[in-house]
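All remarks here apply to the structure that follows.
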Amino acid sequence: MENKADVIIVGGGVIGCATAYYLSKRGKSVIVLEGSDHIGNGGSSRNGGGVRQSGRDPRELPLAMYGIKNLWPGLSKELGVNCEYHKEGNLRLGKTPAHLKILQGLTDRAVECGLDVRMIDAEEVKKINPHLSDEVIGASWCPTDGHANPMITTLAFYRKARQLGARFITGEKVVRLRKIRGRLREVITEHDNVYEADYVVVAAGYESRDILATVGIDVPMHKDLMECLVTEAEPHMFNQMLGTAEADFYGHQSDHGSFVFGGSSGLETDNKDGGTPDSPGNNAITAPCICRGIMKYFPELQDAKIVRTWAGYIDTCADGVPVLGMTDEVPGLVIACAFTGHGFGIAPAVGEQLAMLIIDGKTKVDISQLRYNRFKAKI
1 MENKADVIIV GGGVIGCATA YYLSKRGKSV IVLEGSDHIG NGGSSRNGGG VRQSGRDPRE
61 LPLAMYGIKN LWPGLSKELG VNCEYHKEGN LRLGKTPAHL KILQGLTDRA VECGLDVRMI
121 DAEEVKKINP HLSDEVIGAS WCPTDGHANP MITTLAFYRK ARQLGARFIT GEKVVRLRKI
181 RGRLREVITE HDNVYEADYV VVAAGYESRD ILATVGIDVP MHKDLMECLV TEAEPHMFNQ
241 MLGTAEADFY GHQSDHGSFV FGGSSGLETD NKDGGTPDSP GNNAITAPCI CRGIMKYFPE
301 LQDAKIVRTW AGYIDTCADG VPVLGMTDEV PGLVIACAFT GHGFGIAPAV GEQLAMLIID
361 GKTKVDISQL RYNRFKAKI
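See below:
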């Protein structure tokens, strides 16, 4: 039937598109329902493009390491689109002893998980990136980290999934899930259309919370407004991904030459300038704050012209890592939300592993620590 599939995916962002691709690749019929009028309209097109392992919580680090080793290097060829992937390292910068203490803690936890990351001093930082200011006194350095183009990657997964038979429906906002005989079977939209599947993947960012609540699942998350900015094309300076100890800014230089930076001022408010949930308004305070922070690290960019800024909501989980996998409470439900701003870099791994979970009943990467049941009361 027209509204039936093996799997229905709620959300047409990079997680939904990647999952649709890997399911379709293995012969499953898939319907993706996107509430807005555009694929990748949420955080998937509003992020700094980081493909990193460093700075992650140890619970999600295995997914990041697996994806960078096994999926990202061949992704452009597999999808038939240049995702602008660079695997040329990540500098996470510090300007104070307190910053270095934060970075040392992150580094120690990552090394315990087997990641090649280490602390370096100011002299070595300058050898890797001579454009940094003298205020930088140290950094963590992960040579296998990198970055890619988030919009191109999201649309590449979408395009390839469609070629393999996945059906994408935009402007079809999901409002409710429904169980039949104890198992999740139906997805109902605001137009009263009913879709049926053996499995339902909810990957709708923050909107996932209200959708999941209709079957008694509450993921403890809230939304944070983040902004990105893009400069005019500048002469090539570096290929590393950049971050800071306090995460006040992050970003990279694109293949085009423009710099893509993101961050927050701490003063954001929802829809401050008249935005809507589907199209968040920019905050007039944030971009200047980000720019002032960037100039502290890169004085050479003080005259770079900003050509555009954009805002997006991050679905921030209470404990800082995503909720992934099936639930004991609702058979047939697969959760993929609350990525806390870390979703793009692990999206290929998440999509592949969720497809394995649905088809094979198990995953290659252990995602047990990311399951919803971690929030259950311990008796």
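The numbering of the sequence shown is UniProt numbering, which starts it at 1 and goes up by one. Each residue gets a CB set at the ideal place from its N, CA and C atoms; glycine is no exception.
| query | result |
| --- | --- |
| Pick from 188, 165, 166: whose alpha carbon is nearest that of residue 174? | 188 |
| Measure how close the beta-carbons of residue 417 and residue 232 come, nearest whole angstrom, since I'm counting them as under 8 Å. | Here the chain covers residues 1 to 379 and nothing more, so residue 417 does not appear. |
| Can you list, in chain order, the residues of its chain with a C-beta nearer than 6 Å to that of residue 206? Leave out the 5 residues immediately preceding and following it. | 223, 313, 315 |
| With a threshold of 16 other CB atoms inside 10 Å of the CB of residue 253, please say whether the residue is buried or exposed. | buried |
| Using a threshold of 8 Å, state whether the C-beta atoms of residue 54 and residue 92 are closer than that. | yes |
| Buried or exposed for residue 64, please, with buried defined as at least 16 other CB atoms from any protein chain shown within 10 angstroms of its CB. | buried |
| Bridge partners for residue 4 per DSSP, in chain order? | 196 |
| With H, G and I counted as helix, E and B as strand and the rest as coil, what does DSSP make of residue 157? | helix |
| Measuring CA to CA, which of 170, 161, 106 is closest to residue 139? | 106 |
| Can you tell me where the alpha helix (DSSP H) with residue 104 in it begins and where it stops? | 97 to 112 |
| Answer yes or no: do residue 186 and residue 180 have a C-beta to C-beta separation smaller than 8 Å? | yes |
| Verify whether the separation of the beta carbon atoms of residue 23 and residue 14 is less than 8 Å. | no |
| For residue 120, write down the residues that DSSP places opposite it in a beta bridge. | 139 |
| In the DSSP output, what is residue 201 paired with across the bridge? | 9, 334 |
| Evaluate the contact criterion for the segment 325 to 332 versus the segment 238 to 252: three or more CB pairs, one atom per stretch, below 8 Å. | no |
| Which of helix, strand or coil does DSSP assign to residue 253? | strand |
| Take residue 104 and list the residues in its own chain whose beta-carbon comes closer than 7 Å to its own, dropping the five residues that flank it on each side. | 119 |
| From the DSSP output, in three-state form, read off residue 245 for me. | coil |
| Give me, in chain order, the residues of the same chain whose beta-carbon lies closer than 8 Å to that of residue 359; leave out the 5 immediate sequence neighbours on both sides. | 23, 26, 28 |
| Please confirm if the segment 31 to 38 is in contact with the segment 366 to 379, defined as three or more CB-CB distances below 8 Å between the two stretches. | no |
| Can you check which of these residues, 99, 102, 300, 310, is closest to residue 225 by C-alpha distance? | 310 |
| If residue 110 sits next to residue 61, beta carbons under 8 Å apart, how far is it from one beta carbon to the other, in whole angstroms? | 7 Å |
| Go ahead and label residue 438 buried or exposed: buried means 16 or more other beta carbons lie within 10 angstroms of its beta carbon, across all protein chains shown. | Residue 438 lies beyond the range of the chain shown here (1 to 379); nothing can be said about it. |
| Please confirm whether residue 240 and residue 89 have their CB atoms less than 8 Å apart. | yes |
| Apply the 10 Å Cβ neighbour rule to residue 255 and answer buried if 16 or more other Cβ atoms are within range, or exposed otherwise. | exposed |
| If you drop the 5 nearest sequence neighbours on each side, which residues of the same chain put their C-beta closer than 6 Å to that of residue 32? | 9, 12, 16, 20, 168 |
| From 135, 18, 299, pick the residue whose C-alpha is nearest to that of residue 159; which is it? | 18 |
| For residue 202, which of 341, 361, 333 has the nearest alpha-carbon? | 333 |
| Which residues in the same chain as residue 366 place their Cβ atom closer than 7 Å to its Cβ, once the five residues preceding and following it in sequence are excluded? | 62 |
| Using 8 Å as the threshold, is the segment 68 to 78 in touch with the segment 343 to 352, meaning 3 or more CB pairs across them? | yes |
| With distances taken between CB atoms, is the gap from residue 147 to residue 86 smaller than 8 Å? | yes |
| Enumerate in chain order the residues of its own chain whose CB-to-CB distance from residue 157 is below 6 Å, with the five nearest sequence positions on each side excluded. | 17, 18, 21 |
| Alpha carbon to alpha carbon, how far is residue 41 from residue 56? Give it in angstroms, no decimals. | 25 Å |
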